[in-house]
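The next block holds one structure in the form of structure tokens; read it before the comments.
There are 2 protein chains.
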Amino acid sequence: MTLLRSAAMDTRERILQAAARVYAQHGFRGATTRLIAIEAGVNEVSLFRTFGSKAALFEAMMQSHAASLPLPTLPDVPGDAQLELTDWCAALLAHMRQWRSIIRKSFGELEERPEAATVMCEGPSCAATALAAYATRLQTVGLADETADVPTAVSMFISSMFGDAISRDVLPHAFPQPEEDAPARYVSVFLRAIGALGAGDAAPPRIAQDAKDRRVTA
Amino acid sequence: MTLLRSAAMDTRERILQAAARVYAQHGFRGATTRLIAIEAGVNEVSLFRTFGSKAALFEAMMQSHAASLPLPTLPDVPGDAQLELTDWCAALLAHMRQWRSIIRKSFGELEERPEAATVMCEGPSCAATALAAYATRLQTVGLADETADVPTAVSMFISSMFGDAISRDVLPHAFPQPEEDAPARYVSVFLRAIGALGAGDAAPPRIAQDAKDRRVTA
DNA sequence: ATTGAAAGCAAGTAACTACTTGCATTCACG
DNA sequence: CGTGAATGCAAGTAGTTACTTGCTTTCAAT
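As you go down the protein sequences, you meet chains L and H in turn. Anchor point for the first sequence: position 124 equals 256 in my numbering, and the numbering is continuous, going up by one each time. Anchor point for the second sequence: position 114 equals 246 in my numbering, and the numbering is continuous, going up by one each time.
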């Protein structure tokens, strides 16, 4: 029984992954059961025997994708903000880029299939919460301007990450910075916006060396 | 002949507008010719007689929408940056919000129908160019930090506008600021990021009064 | 009044959709 | 060996899709 079930899980898993790939390419309406079966290398009937219906298959697919979400974390007590945020930002970008096609499709189909929102929202909204907490701690410790509008800056930062992650591959001209430099530059702009970096601020100027403009140190 | 043609233009226009509405709701695959004909109040055959095919109809629709693009402009010589940018930002947001559903759908279908990109790109990319020029002028005049990373700040600002315009109605929890305050706050964060606003800067502090934090003036 | 273009209407086509049914095949386990 | 669950295969169903055809109606211009 157990070995038989492992074989069943195998085809189930193959169908789920194939469904994700086909959905990422063609969306819900375009992801026909026939295409998914071919992509999975299984018979189309097995698809209905395993999941019952196309809708149930996609529900299972979304849940299985939502299950595996190892989001990056920020330290509780801020150290080198530029460094810590750049690493975190790069990990966050990589994480969201993994699902960019699926996110794009789910986003476009949000009005018709709102349940898809959970998958694409959890990542950015958790990231926003973490970043807001981190920035507030920076303010508390005196490393950021306490008059800064942290919620708005965080919202703009997350929007930018989201936009970069899901747009860069299809609209490259909209992103002037190369992919490898982007995290550090995004973080620099963010830190300047909350008064934690820049010419007239208390932030240690050497941090800027990690980014791009070295004249600040002079 | 001319009057007859005006009647023909009428149905043609009705079909085009109906196609835009149905496409905004259901996407390309979901926007069936039957639905469009019903929405336009015309016979389905008239649709094919006028445009030949569904693909040709949508091509015409995208072109007719790309034609009407009165984007807001920024003054050549910067005056009150906070005020000017807030007005511009509000107009830009309103402009993009007009097409939010269509943009969402086109964005999700970019891989399958790349020609849709032109419609949704022209707005943001023109806005980015205008904002970059404005910010650079601010730097030149000495109203902004010349060490600021203007291209990145502009890219993040446009991403944030784009994200707000097309996401706020479907993911309201992702936008903490009320719709009417958003432009001023976005602009404040942007100006701080390029060193044109805030505690330790040369920007006239009264500008901040238009925004949200009044303690800066004290 | 006649003409002619534009539109409606009913019907049909071929392909595709999700989904079903019945039967044959495989193959690990007892 | 044989039992039984998982899978494959062939065929079919009912509905939808884009698109066509043939005919009738409307109605402004001559």
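Beta carbons: idealized from backbone N, C-alpha and C, even for Gly. Treat the numbers as computed from the prediction; the structure is a model and nothing was measured.
Can you tell me whether residue i is buried or exposed? The criterion is at least 16 other CB atoms within 10 Å of its CB, across all chains shown.
i                      : result
residue 181 of chain L : exposed
residue 351 of chain L : As shown, chain L starts at 133 and ends at 350. That puts residue 351 of chain L outside it, with no answer to give.
residue 161 of chain H : exposed
residue 166 of chain H : exposed
residue 312 of chain L : exposed
residue 226 of chain H : exposed
residue 177 of chain H : exposed
residue 137 of chain L : Note on residue 137 of chain L: pLDDT 48, under 50, position unreliable in the model; the coordinate value appears next. Classification for residue 137 of chain L: exposed.
residue 158 of chain H : buried
residue 274 of chain L : exposed
residue 142 of chain H : exposed
residue 272 of chain L : exposed
residue 133 of chain L : At residue 133 of chain L the pLDDT is 40, less than 50, meaning the model places this residue with poor confidence and gives no usable figure here.
residue 304 of chain L : exposed
residue 339 of chain H : With a pLDDT of 36 at residue 339 of chain H, under the threshold of 50, the modelled position of this residue cannot be trusted, and the question is left open.
residue 343 of chain H : In this prediction, residue 343 of chain H scores a pLDDT of 41, lower than 50, which makes its location untrustworthy; the coordinate-derived value is nonetheless stated afterwards. Its Cβ being crowded by 16 or more others within 10 Å, residue 343 of chain H is buried.
Between the options, which lies nearest to residue i when the distance is taken from Cα to Cα?
i                      : options                    : result
residue 250 of chain L : L/207, L/197, L/292        : L/197
residue 265 of chain H : H/209, H/186, H/203, H/160 : H/209
residue 261 of chain L : H/203, H/314, H/307        : H/307
residue 185 of chain L : L/174, L/164, L/202        : L/164
residue 223 of chain H : H/259, H/270, H/154, H/150 : H/259
residue 145 of chain L : L/230, L/174, L/329        : L/174
residue 203 of chain H : H/142, H/230, H/324, H/301 : H/230
residue 199 of chain H : H/252, H/183, H/155, H/310 : H/252
residue 188 of chain L : L/147, L/299, L/278, L/280 : L/147
residue 211 of chain L : L/221, L/269, L/299, L/298 : L/269
residue 235 of chain H : H/326, H/170, H/317, H/294 : H/294
residue 244 of chain L : H/247, H/246, H/237, H/244 : H/237
residue 277 of chain H : H/297, H/299, H/327        : H/327
residue 282 of chain H : L/309, L/154, L/195, L/183 : L/309
residue 195 of chain L : L/228, L/232, L/323, L/254 : L/254
residue 323 of chain L : L/246, L/302, L/286        : L/286
residue 232 of chain H : H/149, H/296, H/263        : H/296
residue 317 of chain L : L/154, L/228, L/218, L/246 : L/218
residue 263 of chain H : H/228, H/221, H/246        : H/221
So residue i and residue j are in contact, right, with Cβ under 8 Å, and what is the actual spacing, rounded?
i                      : j                      : result
residue 290 of chain L : residue 256 of chain L : 5 Å
residue 288 of chain H : residue 288 of chain L : 6 Å
residue 190 of chain L : residue 240 of chain H : No, residue 190 of chain L and residue 240 of chain H are not in contact; Cβ-Cβ is about 15 Å, not under 8 Å.
residue 214 of chain L : residue 321 of chain L : With a Cβ gap of about 11 Å, residue 214 of chain L and residue 321 of chain L do not count as contacting.
residue 206 of chain L : residue 216 of chain L : 6 Å
residue 168 of chain L : residue 156 of chain L : Residue 168 of chain L to residue 156 of chain L, Cβ: 12 Å. No contact.
residue 280 of chain H : residue 325 of chain H : 7 Å
residue 292 of chain H : residue 292 of chain L : 6 Å
residue 329 of chain H : residue 302 of chain L : That belief does not hold up - the Cβ atoms of residue 329 of chain H and residue 302 of chain L are roughly 34 Å apart, past 8 Å.
- Of all the alpha helix (DSSP H) runs that stay within the bounds of the region 279-329 of chain H, which reach a length of 4 or more residues? 282-299, 314-325
- What are the complete alpha helix (DSSP H) segments, minimum 4 residues, inside the region 162-190 of chain L? Runs of the alpha helix (DSSP H) inside the region 162-190 of chain L: 165-172, 176-183.
- Query: Going along the chain, which unbroken runs of the alpha helix (DSSP H) with 4 or more residues stay wholly within the region 207-256 of chain L?
  - Reply: 213-230, 232-240
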